[in-house]
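Take a look at the structure below.
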Amino acid sequence: MMSYYTQPLARLIEEFQKLPGVGPKSAQRIAFHIIRQSNTAVEQFASALIDAKEKVNFCEQCFNHSTTPLCEICLDKDRQTSQLCVVAEPKDLYALERTHEYRGFYHVLQGLISPLEGIGPDDLKLRALLRRLEDTTLTEVILALPPSVEGDTTSLYIARLLKPIEIKLTRIAFGLPVGSELEYADSVTLSRAMQGRQAV
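See below:
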């Protein structure tokens with residue numbers, strides 16, 4: 000495979016192709032860019048990769064990315080304690096934070112229910128979510144899950160799970176095509192989605 004490239008370059012291109020959204024041409028451009036850089040620049044890049052991999056874990060409370068037991072958001076005393084926004088992945092949390100519309104706390108499920116991929120409710124952080132709902136200061140749970148089959152399935156499952164609990168459950172409105180991802184939505188669309196959330 001890629002026999003027309005020298006072996007180290009071919010290997011580098013193949014590794015970049017493993018990244019999400021990176022095809023053969025993009026992988027080639029990135030690899031060519033890397034080998035044009037100075038040794039110092041490449042060492043800094045490699046060091047950043049290793050540093051992130053070794054130090055970035057998950058918050059013990061909300062499961063956002065963190066280098067400490069609790070992430071910065073969970074430690075923020077200025078946040079509204081009455082709201083908890085449920086998202087699928089940390090990238091969705093970052094997208095919502097960019098809107099500056101929401102000032103409550105988050106809970107990251109670490110995925111969505113997807114039977115085709117073998118992901119069931121037990122594979123998500125749902126038990127941890129239920130434990131957090133024992134907090135009597137919470138009055139609203141906001142579902143900010145993508146408008147996809149998996150997102151809808153997960154939202155319905157959570158709605159059934161929370162039905163015995165007397166807590167307001169809403170889902171953000173979407174000005175997004177079905178199947179789209181939160182991380183690719185612009186801040187204005189996400190801000191309006193948060194403002195227009197509806198009861199579940």
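Taking numbering that gives the first Met the number 0, the leading residue of the sequence shown gets 0, the next gets one more, and so forth. Each residue gets a CB set at the ideal place from its N, CA and C atoms; glycine is no exception.
Is the beta carbon of Leu-95 less than 7 angstroms from the beta carbon of Val-140? Contact check for Leu-95 against Val-140 fails: the beta carbons are separated by 7 angstroms or more.
Is there contact between the segment 36–43 and the segment 68–76, where contact requires at least three CB pairs shorter than 8 angstroms? Inter-segment contact for the segment 36–43 and the segment 68–76 is absent: fewer than three beta-carbon pairs are separated by less than 8 angstroms.
Give every residue of the same chain whose Cβ lies closer than 8 angstroms to the Cβ of Val-86, excluding the five residues on either side of it in the sequence, and list them in chain order. When the five nearest sequence neighbours on each side are left out, the beta carbons in the same chain lying within less than 8 angstroms of the beta carbon of Val-86 are those of Leu-92, Leu-95, Tyr-105, His-106, Val-107, Leu-108, Ala-143, Leu-144 and Leu-181, in order along the chain.
Taking the continuous beta strand (DSSP E) assigned at Cys-84, which residues delimit it? For Cys-84, the uninterrupted beta strand (DSSP E) run begins and ends at 82–86, by DSSP.
Grouping DSSP H, G and I as helix and E and B as strand, with all else coil, what is Glu-59? Coil, per DSSP.
Alpha carbon of Pro-146 to alpha carbon of Tyr-4, nearest angstrom: Spanning the two alpha carbons is a distance of roughly 42 angstroms.
So, helix, strand or coil for His-32, using DSSP? His-32 falls in the helix class under three-state DSSP.
For Leu-142, name the three-state secondary structure that DSSP assigns. Strand.
Residues of its chain near Ile-12, where Cβ-Cβ distance is below 7 angstroms and the 5 sequence neighbours each way are ignored: The answer, listed in chain order, is Met-1, Tyr-4, Ala-26, Gln-27 and Ala-30.
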